[in-house]
Amino acid sequence: MNASRLAAANTPDAERAFFVADLSQVYRQHERWRKWLPEIEPHYAVKCNPDPYVLRLLAALGAGFDCASNGEISHVLSIGGIDPSRIVFANPCKAASFIRSAARAGVDKMTFDNADELHKIARIHPGAKLIVRILADDSKSICRFGIKFGAPLEVVPSLLAKAKELGLNVVGVSFHVGSGCYDPTIYADAIRRARDVFAMAEEAGYHFTLLDVGGGFEDALFERAAVVLTEAIDEYFPCRDDISIIAEPGRFYVSRAFSLAANIIARRAAASADVQAQAPTPPPSQEAEEQQPSVMYYINDGVYGAFNCVMFDHQTVHPYVLSMGGSFHCPASEALALSSVWGPTCDSIDCVCKVVELPAALRVGDWLGFDNMGAYTICAASQFNGFELSDVIYTSGTGAAGEEVRAVLRRFAHEIGESV
Ligand SMILES: *Cc1c(COP(=O)(O)O)cnc(C)c1O
Numbered sequence: 001m002n003a004s005r006l007a008a009a010n011t012p013d014a015e016r017a018f019f020v021a022d023l024s025q026v027y028r029q030h031e032r033w034r035k036w037l038p039e040i041e042p043h044y045a046v047k048c049n050p051d052p053y054v055l056r057l058l059a060a061l062g063a064g065f066d067c068a069s070n071g072e073i074s075h076v077l078s079i080g081g082i083d084p085s086r087i088v089f090a091n092p093c094k095a096a097s098f099i100r101s102a103a104r105a106g107v108d109k110m111t112f113d114n115a116d117e118l119h120k121i122a123r124i125h126p127g128a129k130l131i132v133r134i135l136a137d138d139s140k141s142i143c144r145f146g147i148k149f150g151a152p153l154e155v156v157p158s159l160l161a162k163a164k165e166l167g168l169n170v171v172g173v174s175f176h177v178g179s180g181c182y183d184p185t186i187y188a189d190a191i192r193r194a195r196d197v198f199a200m201a202e203e204a205g206y207h208f209t210l211l212d213v214g215g216g217f218e219d220a221l222f223e224r225a226a227v228v229l230t231e232a233i234d235e236y237f238p239c240r241d242d243i244s245i246i247a248e249p250g251r252f253y254v255s256r257a258f259s260l261a262a263n264i265i266a267r268r269a270a271a272s273a274d275v276q277a278q279a280p281t282p283p284p285s286q287e288a289e290e291q292q293p294s295v296m297y298y299i300n301d302g303v304y305g306a307f308n309c310v311m312f313d314h315q316t317v318h319p320y321v322l323s324m325g326g327s328f329h330c331p332a333s334e335a336l337a338l339s340s341v342w343g344p345t346c347d348s349i350d351c352v353c354k355v356v357e358l359p360a361a362l363r364v365g366d367w368l369g370f371d372n373m374g375a376y377t378i379c380a381a382s383q384f385n386g387f388e389l390s391d392v393i394y395t396s397g398t399g400a401a402g403e404e405v406r407a408v409l410r411r412f413a414h415e416i417g418e419s420v
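When we follow our numbering, the leftmost residue of the sequence shown carries the number 1, and every step to the right adds one.
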């Protein structure tokens with residue numbers, strides 16, 4: 001509302017799109033994790049959303065971190081108070097210089113899935129604690145990783161033999177079922193494969209102590225995935241006193257914590273409403289989804305920015321009216337029109353939403369809202385065409401969770417010697 005008022009008063013940039021991040025939502029996800037997977041230590045996948053306050057809160061809550069690059073490692077360590085042993089360098093294909101920096105920073109846990117990586121690590125960081133990343137069945141995930149990463153089980157014995165020959169220390173196994181896993185039963189199969197690899201390790205003269213179950217946790221399916229995982233771990237790892245189990249959840253933690261508000265900066269109606277009414281009606285055989293939107297809205301963030309998730313992460317976004325004609329209230333009786341929503345750049349690929357029903361009375365200056373914008377959005381946004389990245393406005397939340405978040409952050413600041 002404030003943004004609308006400022007924009008109406010011609011305050012520069014007042015209509016810029018912005019995120020609202022609710023840290024108490026991240027906190028609640030952590031509570032949920034601890035309740036359902038108490039035995040598994042989450043290592044937040046930084047790439048999903050490296051937001052400084054999210055990282056700080058998770059650090060304060062005692063989570064670990066999954067980093068894929070030198071930059072992510074420095075970013076996490078710069079928070080302060082995080083021991084490098086809480087980081088897993090979970091990129092199986094690392095630049096030699098990154099391995100060197102990790103060694104210097106004291107980050108020892110790292111994954112590999114090929115023999116060349118072993119030679120590099122033997123040369124640069126021979127004391128590393130290695131984790132063999134195996135191929136999991138990722139056919140039930142929206143973003144599949146198997147074509148790029150993961151050793152098939154058949155090659156694991158030769159990789160372990162090579163590691164032994166090079167005098168390396170392999171401590172465990174990891175997998176990733178793919179990001180956005182919509183069939184949680186897939187975790188059971190992956191755990192069975194991991195068990196087979198523990199056996200291969202014994203053959204090769206290693207005794208594994210680490211099981212890393214990766215990421216892929218979907219908010220809506222989390223409890224089901226947790227039950228499948230817990231049962232599979234009980235079945236395949238009945239004796240696990242000397243095994244630590246970790247995971248690398250990304251989107252689970254942040255997806256729902258961020259919403260985006262975007263301003264309608266332009267609008268194009270195919271014809272005026274009156275002309276529309278007179279236009280020939282389409283033949284009755286035509287399906288509803290074939291109907292062409294009659295209004296195009298242009299908003300000030302798009303697929304080159306926050307909505308890159310539409311391209312890279314295969315997300316579908318659902319706009320809703322945040323404010324219309326200066327009011328938060330949008331009566332349910334508003335007439336709707338088939339609409340399309342576009343980003344601000346000059347590229348026609350910059351389409352946020354091909355077809356959606358929105359109130360026909362929406363005009364330039366009104367605001368659209370988008371929920372579930374925390375995962376794989378800001379982190380990959382570009383400034384193509386000179387459009388700036390949308391800012392983030394934070395809230396620690398209301399109620400008990402909000403109180404907790406503030407207390408946890410205060411305690412953490414005190415622990416790392418910051419004045420509060
Ligand atoms: C991307 C990634 C993750 C996080 O995946 P989510 O689906 O966001 O949970 C975890 N581990 C590795 C190795 C990844 O590449």
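Even for Gly, the Cβ is constructed at its ideal location relative to N, Cα and C.
C-alpha distance - residue i paired with residue j, whole-angstrom precision
i    : j    : result
Y298 : R251 : 28 Å
A279 : P12  : With a pLDDT of only 46 at A279, under the threshold of 50, the placement of this residue in the model should not be trusted; the figure read from the coordinates follows. Their backbone Cα atoms lie some 40 Å apart in a straight line.
V275 : N70  : Because the pLDDT of V275 is 42, which lies under 50, any placement of that residue in the model is unreliable, and the number read from its coordinates should be weighed accordingly. Distance between the alpha carbons of V275 and N70: 59 Å.
D301 : P344 : 6 Å
G365 : T398 : 29 Å
I264 : G374 : 21 Å
N169 : Y206 : 8 Å
A407 : L61  : 11 Å
Q315 : C181 : 13 Å
G146 : G178 : 8 Å
T185 : I243 : 23 Å
L338 : V356 : 6 Å
K140 : L389 : 33 Å
A9   : F412 : 41 Å
A102 : Y253 : 25 Å
D137 : R16  : 42 Å
S419 : R410 : 9 Å
Cβ shell of residue i (< 6 Å), same chain only, five flanking positions each side left out
i    : result
P157 : M200
L229 : Y187
A269 : V295
D421 : Residue 421 falls outside the range modelled here, since the chain spans only 1 to 420, and no answer is possible.
D22  : A257, T395, G397
Closest by C-alpha distance to residue i, when choosing among the options
i    : options                : result
L322 : L118, L368, N114       : L368
R134 : V155, F312, R100       : The sequence shown places Ile at residue 134, rather than the Arg named in the question. Minimum Cα distance to I134 is reached at V155.
I40  : Q291, C379, G205, L211 : L211
A306 : C379, V107, K164       : C379
K47  : F387, T398, A407, Y376 : Y376
M110 : D183, Y320, A225, I99  : I99
L166 : A194, K120, D189       : K120
C93  : F18, L118, C143        : L118
A232 : A204, H30, G417, L37   : L37
D350 : H43, Y304, I416        : Y304
A95  : S396, A68, G80, V20    : A68
A257 : M1, R34, N49           : N49
Contact test: residue i Cβ vs ligand 1 heavy atom, cutoff 7 Å
i    : result
C179 : For the sequence presented, residue 179 should be read as Ser rather than Cys. Flag set: Cβ of S179 near ligand 1.
E72  : no
H176 : yes
D183 : no
G417 : no
F222 : no
P249 : yes
A151 : no
C379 : no
A115 : no
A102 : no
K148 : no
D433 : What the structure shows of the chain is the stretch from 1 to 420, and residue 433 is not part of that stretch, so it cannot be assessed.
C48  : yes
F217 : yes
Nonlocal neighbours in the same chain, by C-beta distance under 8 Å from residue i, ignoring five residues either side
i    : result
A151 : D113, N114, V132, R133, I134, L135, L159
V197 : V132, I134, L153, V156, V173, F208
A360 : A273, V295, E334, A335, L336, A337
Residues near residue i in its chain [Cβ-Cβ closer than 7 Å; skip 5 each side]
i    : result
A45  : D66, G215, E248, P249, G250
A277 : For A277, the predicted model reports a pLDDT of 43, less than 50, meaning its position is unreliable and no value from the coordinates is stated.
K129 : D108, K109, N169, V171
A14  : A3, L6, A7
E415 : G81
Identified DSSP bridge partners for residue i
i    : result
L211 : V173, I245
L338 : E357
V321 : L368
P42  : A247
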